[in-house]
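Anchor point for the sequence shown: position 178 equals 256 in the working numbering, and the numbering is continuous, going up by one each time. Below is one structure; the comments refer to it alone.
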Amino acid sequence: MEIILSPSVLAADFGILGEQIRESERAGAKYLHLDVMDGVFVPNISFGIPVISSVRKYVNSVFDVHLMIKEPERYIDRFIDAGADIVTFHAEATTKAEECIDMIRSRGKRAAMAVSPGTGIEAVTPYLDKLDMVLCMTVEPGYGGQAYMTEIESKVKELRNIVGSDFDIQVDGGINEDNIGRAAGAGANIIVAGTSVFGGDIRKNIEGLMKACAQL
Ligand code: DX5
Ligand code: ZN
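This is how it looks when you write it as structure tokens:
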């Protein structure tokens, strides 16, 4: 299975964001992970719709928008207007999962659900037929730079067994050159990395992560 790297701009220098995401694209990243935090679903606040529509002009990457917001149904259309290609919302953040999925798919975009570390896959299994991807968080959502939780690998394996090979499973949080192979080995095929991409030399970091995957 092809492993896709999705660099998380949360760890980028926002003062030169356009430059940094262009560099990530030039280094071969085909996706861009955009973490939206509302200070309610998670304790942190990041950025929102105006930032996403601005950076949309600078790259052609697949915009992988990770909504860490309460009642995402309120904003899904606006994030799609801003340029989202994939919209991921949290199972824990809404009682209207089916409605959210329909909103995303009716606009021709990829729908995904995320589960925080304490949430089991039974939160997403009723919706698998309609979903394009499931994100298994490998840290508690809210902050970049946390340590990868190896115990999530069993959740990823369990999910991969259910969905088969033709389905995207994403992991997000604490991924670096040392553990990217483990995450992929467990069955994840879209891998988010923030600090390990934007901390330091972006090109070198992306090449290193991709090489660590290629050795699988
Ligand atoms: C955490 C975010 C992650 C974060 C990953 O809530 O969803 O996408 O940016 O950052 P690193 O790779 O630094 O853990
Ligand atoms: Zn994320």
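A virtual CB, placed ideally from N, CA and C, is assigned to each residue, including glycine. Just so it is clear, the structure is predicted and the values come from calculations on it, not from any experiment.
Worksheet item: Going by alpha carbons, who is nearest to Ile-268 out of Gly-277, Lys-282, Ser-243, Ile-280?
Response: Minimum Cα distance to Ile-268 is reached at Ser-243.
Worksheet item: Since Gln-248 sits in a beta bridge, which residues does DSSP pair it with?
Response: Its beta-bridge partners are Leu-213, Ile-268.
Worksheet item: In whole angstroms, what separates the C-alpha of Met-181 from that of Glu-151?
Response: Approximately 8 Å, taken between the alpha carbons.
Item to complete: With DSSP as the reference, please indicate the residues paired to Arg-303 in a beta bridge.
Response: It is not possible to answer for residue 303, since the shown part of the chain is limited to 79 through 294.
Discussion item. Suppose you measure from the CA of Val-118 to the CA of Met-146; what does that come to, to the nearest Å?
Written reply: Approximately 9 Å, taken between the alpha carbons.
Worksheet item: Roughly how many whole angstroms lie between the Cα atoms of Val-165 and Val-114?
Response: In this model, Val-165 and Val-114 are separated by some 11 Å (Cα to Cα).
Practice prompt. Measure the alpha-carbon distance for Asn-254 versus Glu-236 and round it to whole angstroms.
Written response: The alpha-carbon of Asn-254 is positioned some 23 Å away from that of Glu-236.
Worksheet entry | Three-way DSSP call (helix, strand, coil) for Ile-130 in this model | Collapsing the DSSP output to three states places Ile-130 in a helix.
Worksheet item: Going straight from the alpha carbon of Lys-289 to that of Thr-172, what length do you get?
Response: Taking the straight line joining both Cα atoms gives about 38 Å.
Worksheet item: Does the beta carbon of His-168 fall short of 8 Å from some heavy atom of the ligand ZN?
Response: Checking every heavy atom of the ligand ZN against the Cβ of His-168, none is found closer than 8 Å.
Item to complete: Could you tell me which of Ile-280, Ala-162, Ala-292 sits nearest to Glu-103, measuring between CA atoms?
Response: Of Ile-280, Ala-162, Ala-292, the residue nearest in Cα terms is Ile-280.
Worksheet item: Which whole-angstrom value describes the C-beta separation of Leu-83 and Leu-213, a residue pair presumed to lie in contact below a C-beta threshold of 8 Å?
Response: A Cβ-Cβ distance of about 15 Å is found for the pair Leu-83 and Leu-213, leaving them out of contact under the 8 Å criterion.
Item to complete: Confirm the yes/no value for this check: CB of Tyr-109, any heavy atom of the ligand DX5, distance under 8 Å.
Response: Set against 8 Å, the gap from the CB of Tyr-109 to the closest heavy atom of the ligand DX5 is not smaller.
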